[in-house]
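Heads up: the structure comes next, in structure tokens.
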Amino acid sequence: MTAAKQQSDLASVSPEPVSGISKLAPYVQGKSQVDGCANPIKLSSNESHLGPSPKAIEAYNEAAKSLFRYPNGSQADLIGAIAQTFDLDPSKLICGNGSDELISLITRAYVAPGDEVIVSEYSFAMASIHAISQGATVVTAPEPELCVSVDHILERVTNLTRLVVIANPNNPVGQYISRAEIERLHQGLPSHVLLLLDGAYADYIVDPEFEAGESLVEKADNVVMTRTFSKLYGLAALRIGWAYCPEAVIDSLQRIRTPFNTNAAALAAAEAAVLDIEHTTMVRDHNNAWLKKIADTLNAAGLTVIPSATNFYLVQFPSSSEKSSQAAWDFLLAKGIIPRPVNAGGPENCLRITIGLDEENQAVIDALTEFVNT
Ligand SMILES: *Cc1c(COP(=O)(O)O)cnc(C)c1O
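Written out as structure tokens, the structure is:
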């Protein structure tokens, strides 16, 4: 074929995205509006309604004074603050535009077309999206007990597996597996497989049997942990998260991240937030007290609240049509309360509801109690 002929063939062809992209369904954000309700109670996105530390807001306002400057590309101040608060090695830390960006960078750095990525059934949809856009195959390990199953993951490992992603605690269920189970998972993986522990909700847990994964990152070459300021720290709008990784992984991520992936306002606010232990403790205590109160009250009213260790809880409704999750969804929306329906593939007949302020949580309790009793 001549060059001229080739050109004329291509003349009618539009630009094509790489193979994985057309297979992706766009991300659907939690609902935020209700027709006819000016101020709905939005409990659909696991946001922290108590907001960030007042010191974070102060730091954010201070950052407004020098918006003409590029941020500190080394992220050193925030990394130092994270290392101090969590007692971690700063050379193993990196920050991202939300932990979502870090999951994307890790996938881009370690997964090639044709590789396999194992995701656990209830984790973060974005991990699959990043894998598919790399041209990789996503293999889903079921969670029959509504919790990460180490055995189901290990059964699915093949020569093509490059990455295993679990959210611990998981979402939308809110359950976690212990440090011992994470270690058993790690021991069962071949050394070339990277294990990504997404600890978006780890900050809420006080159980000493739980660990988000930092000690494993320190002793293994193939474990990374991601964390976020979007949940307990109340900085979802700023898009800031961090990862704790072996130095070789940090080196890869530093090469592919853009030099200013984290903005100055986010860096400043997150630094103040992570150092404000008092605020962190207050938010955690508020959350965990309400988790218990809501579960006790709704379980007593005849609903099933699945035990959660996060800032949300799943309510399971009966399958009868009058009291189904769909009926509860309509009932709550009519009262201006927005939960999140659990998408296809999640546990059946459930709504996921975020912990809010005192009066918001009470409104949910009152509404669901009324729903059950009428
Ligand atoms: C909310 C959430 C995240 C955090 O995402 P960011 O990009 O840091 O806002 C990560 N994983 C899970 C499971 C989540 O629910």
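Under our numbering, think of the first position of the sequence shown as 704, with each following residue one higher. A virtual CB, placed ideally from N, CA and C, is assigned to each residue, including glycine. The model shown is predicted, which means the values in this text are computed figures rather than measured ones.
GLN1065 has its alpha-carbon roughly 42 Å from the corresponding atom of PRO774. Boundaries for ILE980: no beta strand (DSSP E) harbours it, while the alpha helix (DSSP H) harbouring it runs 980-1003, taken from the DSSP string.
Here DSSP, grouped into helix, strand and coil, assigns SER823 to strand.
Distances taken from the Cβ of LYS934 to the heavy atoms of ligand 1 include one shorter than 7 Å. Rounded to the nearest angstrom, the gap between the Cα atoms of CYS850 and GLN878 is 6 Å.
Beyond the five residues adjoining it in sequence on each side, HIS895 comes within less than 8 Å, by CB distance, of ARG865, ASN925 in the same chain, given in chain order. Taking non-hydrogen atoms of ligand 1 into account, the C-beta of SER918 is found less than 7 Å away from none of them. Burial check for GLY902: the Cβ neighbour count within 10 Å reaches 16 or more, so the residue is buried.
The continuous stretches of beta strand (DSSP E) do not include GLN957, which lies in the alpha helix (DSSP H) extending over residues 950-959. By the C-beta criterion, the stretch 731-740 is judged not to be in contact with the stretch 919-937, since fewer than 3 inter-stretch pairs fall below 8 Å.
Counting only runs of 3+ residues, the beta strand (DSSP E) found wholly inside the stretch 1022-1064 occupies 1053-1057, in chain order. The criterion of a C-beta distance shorter than 8 Å is not satisfied by TYR1016 and LEU1035.
For GLN1019, the enclosing beta strand (DSSP E) covers residues 1015-1019. Short note on GLY801: C-beta closer than 7 Å to some heavy atom of ligand 1. Secondary structure of ASP901 (DSSP, three-state): strand. The shortest C-alpha to C-alpha distance from SER836 to any of ASP854, SER725, ILE760, GLY937 is the one to SER725. Secondary structure in the stretch 896-945: the beta strand (DSSP E) runs of 3 residues or longer, each lying completely within the stretch, are 897-901, 926-931 in chain order. If you look at ALA844, you'll find it in the beta strand (DSSP E) that goes 840-844. Residue side-chain check: ASP906 keeps its Cβ at 7 Å or more from all non-hydrogen atoms of ligand 1. Here the alpha carbon of ALA971 sits roughly 50 Å from the alpha carbon of SER715. Contact between GLU974 and LEU791 fails: their C-beta atoms lie close to 15 Å from each other, not under 8 Å.
In terms of side-chain proximity, the C-beta atom of THR931 is found nearer than 7 Å to a non-hydrogen atom of ligand 1. Between the alpha carbons of THR810 and PRO729 lies a distance of about 18 Å. CA-to-CA, the gap between PHE789 and GLU846 works out to about 30 Å. MET985 counts as exposed, since fewer than 16 other C-beta atoms from the protein chains shown sit within 10 angstroms of its C-beta. Between the C-alpha atoms of SER1022 and ILE1056 there is a straight-line separation of about 19 Å.
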